[in-house]
Structure formats: C-alpha cells, structure tokens
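Chains A and B supply the protein sequences, listed in that same order. Take the first sequence: its letter number 72 is residue 76 in the working numbering, and every next letter is one higher. Take the second sequence: its letter number 13 is residue 114 in the working numbering, and every next letter is one higher.
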Amino acid sequence: QKEVEQNSGPLSVPEGAIASLNCTYSDRGSQSFFWYRQYSGKSPELIMFIYSNGDKEDGRFTAQLNKASQYVSLLIRDSQPSDSATYLCAVLTDKLIFGTGTRLQVFP
Amino acid sequence: ETGVTQTPRHLVMGMTNKKSLKCEQHLGHNAMYWYKQSAKKPLELMFVYSLEERVENNSVPSRFSPECPNSSHLFLHLHTLQPEDSALYLCASSPSRGAAYNEQFFGPGTRLTVL
C-alpha cells in the first residue's frame, strides 16, 4: 500500500513564527513531491514542488526533501493569518498520491 | 477564462437522477483527472485521461462514467448515485501524465449532495 502520512493537526503558531509541516511517504520509488494549500471550501492550490534532496526556497516557503528518510517538509517563515489553511502533501510514484493534510492555524 | 473551470459549482440530486459534471481547462495541458474529496479522507483519484485516452480507472463504481471528447474538456456522468457519493468532485489538469514534474492544477470543484 503506497501511503502518504501527515499529522492532521491543527498546528497553531503565532503570527510571525515559523510553521513546520511534515510528511512521510512509504514508496522509495517516489519521484516528485508537492505541497498544496487548500483554504476551507476551496480547491487545492499548488505552492511548491521539489524533486531533489535538500532545500528549495520560494519566498517565505521552503520545501525540504530527505529521500533516505522518506521525509518531506514545508517551512513557512513569518507566518501570517492568511496562511491559515490545510496543507496537502502529494507524492508522485506512478500516480499522484495525497495525504489527508495538516490544518494550520496562524493566530494574531 | 483561464485555468481550470468546473460547472456546476453545486449540485443536489436524487438517487434516481442523471446529471453530468463538466470540466474545461484553458492551459493547453494533455492530461486531465477526476478526484473525489470527502471529509477526513485523502483526495481519491478516480479517473485519468491522457491525450483523450483513459489511462486509469481506480475501481470506481459504474454509476460514475467519465467522458473526454478532447484534451480541453472532461465530463463525469452520474446516475443512480448513493448518499455516500456526496462529496467535492475536483477536476485537475497537468502538462503530461508521465512527466517527472506532474504539477496538477485544480478547478474549483463541484459540491455534490445526493439525497
């Protein structure tokens, strides 16, 4: 069974702090890794993807990948209340498999 | 219009009704997808079309019938649904199903309620 695991949360962080979202996956053959943000009542929106070990930065977002540990994370620096959403991790093997998502709450 | 559009946005239907969901992508992509999203569950991939050919059918009941007349349009025909089929149905597209960087772009979804 190919799985993607995420803590459902909610993860609560104060405004301005770093939010750290984690994801583990079971298939070592996984090729690419994606983070989607989904606001309540809306559809998922792609915010980051990563396919090589290490870090990838885009503005306030940093994706981190460790294939040996089968672990991918998303860091959000200077968290804002507008970042409050569910963050979905998705892993590409022969198809895209999604986790259940982590709900992030950023409070003022 | 840009991106991926879906109609209708909301649909309420009885178990004996027949209805269709429509998806259109304006991104020039080659692959299109139907997903089901239920509360507390991961996104469930239902169907994949690549260059108008169905390449995946994830053991979806026959009461769901997809149609892809061209690379820009995707339909999901519904008949004799059950209340447990109530969910958010999301359409997505990507440049190519087989590429390593399979970035999928989602439409706004159709919120389906089966009475």
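Glycine is no exception: its CB is placed at the ideal position from the N, C-alpha and C atoms.
Check, Outcome
"Cutoff 9 Å: A:Ile101 Cβ touching any chain B Cβ", "yes"
"Touching by the beta-carbon criterion (3+ pairs, under 8 Å), the segment 178-189 of chain B and the segment 20-28 of chain A", "no"
"Euclidean distance between Cα positions of B:Cys124 and B:Pro109", "9 Å"
"Beta carbon of B:Asn203 nearer than 9 Å to that of A:Leu100", "yes"
"Contact check, B:Pro209 vs A:Lys46, beta carbons under 9 Å", "yes"
"CB of B:Ser197 within 9 Å of CB of B:Ala132, strictly", "yes"
"9 Å Cβ cut-off: residues of chain A touching B:Leu216", "Those do not exist, as B:Leu216 stays about 21 Å from chain A at its closest Cβ, beyond 9 Å."
"Close Cβ partners of A:Ile51 (< 7 Å) along its chain, the five nearest in sequence each way excluded", "Trp39, Tyr40, Arg41 and Phe65"
"Below-9 Å beta-carbon distance, A:Thr104 vs any chain B residue", "yes"
"B:Leu179 versus A:Pro112 - alpha carbon distance", "44 Å"
"Simplified DSSP state of B:Glu125, which is helix, strand or coil", "strand"
"Cβ pair B:Phe148, B:Val161 closer than 9 Å", "yes"
"9 Å Cβ cutoff, B:Lys120 in contact with chain A", "no"
"Chain A contacts from the segment 137-156 of chain B (Cβ-Cβ distance under 8 Å)", "Lys141, Lys142, Pro143, Leu144, Leu146 and Val149"
"Outcome for A:Gly58 when other beta-carbon atoms lying within 10 angstroms are tallied against a minimum of 16", "exposed"
"Nearest-angstrom beta carbon gap, A:Thr104 and A:Tyr75 [assumed within contact, 8 Å]", "A:Tyr75 to A:Thr104, Cβ: 17 Å. No contact."
"Distance between A:Gly33 and A:Thr97 (C-alpha atoms, nearest Å)", "6 Å"
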